[in-house]
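What follows is a set of notes on a single structure, which appears directly below.
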Amino acid sequence: MKILGIDVGGSALKGAPVDTDTGRLLAERFRISTPEPLTPPQMAAAVADLTRHFKWRGPVGVGFPSVIHGGRTMTASNLDKRFIGCPAQALFSKAARLRITLVNDAAAAGLAEMRFGAGRGFAGKTLLLTLGTGVGSVLAYRGVVIPCELGQFPWKGRPAEKRVAASVKKAKGLSWERWAGRLDRYLGIMETMLWPELIIIGGGISAKHGKFFKYLHPRARLAAAQLLNDAGIVGAALHAADPPSI
Numbered sequence: 002m003k004i005l006g007i008d009v010g011g012s013a014l015k016g017a018p019v020d021t022d023t024g025r026l027l028a029e030r031f032r033i034s035t036p037e038p039l040t041p042p043q044m045a046a047a048v049a050d051l052t053r054h055f056k057w058r059g060p061v062g063v064g065f066p067s068v069i070h071g072g073r074t075m076t077a078s079n080l081d082k083r084f085i086g087c088p089a090q091a092l093f094s095k096a097a098r099l100r101i102t103l104v105n106d107a108a109a110a111g112l113a114e115m116r117f118g119a120g121r122g123f124a125g126k127t128l129l130l131t132l133g134t135g136v137g138s139v140l141a142y143r144g145v146v147i148p149c150e151l152g153q154f155p156w157k158g159r160p161a162e163k164r165v166a167a168s169v170k171k172a173k174g175l176s177w178e179r180w181a182g183r184l185d186r187y188l189g190i191m192e193t194m195l196w197p198e199l200i201i202i203g204g205g206i207s208a209k210h211g212k213f214f215k216y217l218h219p220r221a222r223l224a225a226a227q228l229l230n231d232a233g234i235v236g237a238a239l240h241a242a243d244p245p246s247i
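Structural data, given as structure tokens:
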């Protein structure tokens, strides 16, 4: 099945058609930069622009950095606050004049990694963290992927993502060792609560895992995401191929 997957991040939208049987992108990714937070109508217009770039007429899956309830975006940690309670799925569908399915962005990455990437064939408890502008998180167990908001875990008076996101390393000019020390302590907290057997680190920074994995000491097996920046695109397409019936 061929579905257009779109991954909405803190600084850009990226998309490409996906073969959902193989996880392969069928065209070069197209990227629209969003250096400033977009309002819901502006984001809907950007999604529509991306679909028009591919002259797309079929179903579309969009991975979005928010809690998603019934097609509504319920949180906006790194977004325009008008997304809180916004019927984004209907708004995007109307702008693009296409059937669009919305899914949490980390859940999309988790679907892709468990189907085609670092978690392929593993049925035990997996924690996947996407490190970017914020921290996305999912738990997976026996093929079921559950989106979480573990980046919002209170740590030293602030959400944990304000200390361990990849954007924090860049903004504060932290060395790999110092930033990884923060991430290692955070992983220790997650392990105490969740006891995962496998931890997958995703997001663009996972391509440089050789620079910081040596400073991490989790009890669980540690792996870098294999689909890298394509995970959100592929997972959004997978979700659109088999959306929830409820």
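So for the sequence shown, the working numbering puts the first residue at 2; every next one is plus one.
Every residue gets a Cβ at the ideal spot worked out from N, C-alpha and C, and that includes glycine.
Quick caveat, the model's predicted, so the values are computed rather than measured.
Beta-carbon contacts of residue i that lie in its chain and below 8 Å, excluding the five residues immediately before and after
i	result
A77	S67, R83, F84, I85
F31	K15, G16, A17, L51, H54, F55
I222	The sequence given here has Arg at residue 222, not Ile. If we look at R222 and ignore the five residues flanking it on each side, its Cβ neighbours are E198, L199, I200.
Nearest neighbour of residue i, chosen from the options [CA to CA]
i	options	result
A91	M115, T127, H70	H70
A28	A172, H240, I234, A242	I234
I202	A166, A226, M44, S12	A226
T134	K3, V9, L5	V9
A124	T131, L130, L112, L132	L112
D185	S176, A172, G174, V165	V165
As assigned by DSSP and simplified to three states, the class of residue i
i	result
R220	coil
D8	strand
T74	strand
I85	coil
G174	coil
D20	strand
S246	Because S246 carries a pLDDT of 49, less than 50, the predicted location of this residue cannot be relied on, and no value is offered for it.
P66	coil
K157	coil
Residue i: first and last residue of the uninterrupted beta strand (DSSP E) it sits in
i	result
G189	Careful: G189 lies outside any beta strand (DSSP E), inside the alpha helix (DSSP H) at 177-195.
L130	127-132
T102	101-105
F31	31-34
P60	First-last for P60: undefined, no H or E at that position.
7 Å Cβ shell around residue i - same chain, five flanking residues per side excluded
i	result
L80	P38, P66, S67
Residue range of the alpha helix (DSSP H) that includes residue i
i	result
A237	232-242
R164	162-165
Presumed contact (8 Å Cβ cut-off) between residue i and residue j, rounded CB distance
i	j	result
T248	S12	Within the shown structure, residues of the chain are numbered from 2 to 247, placing residue 248 beyond reach of any answer.
A167	L132	4 Å
Close beta carbons around residue i, own chain, < 6 Å, minus the five adjacent residues each side
i	result
A119	I201, A224, A226, Q227
R143	A124
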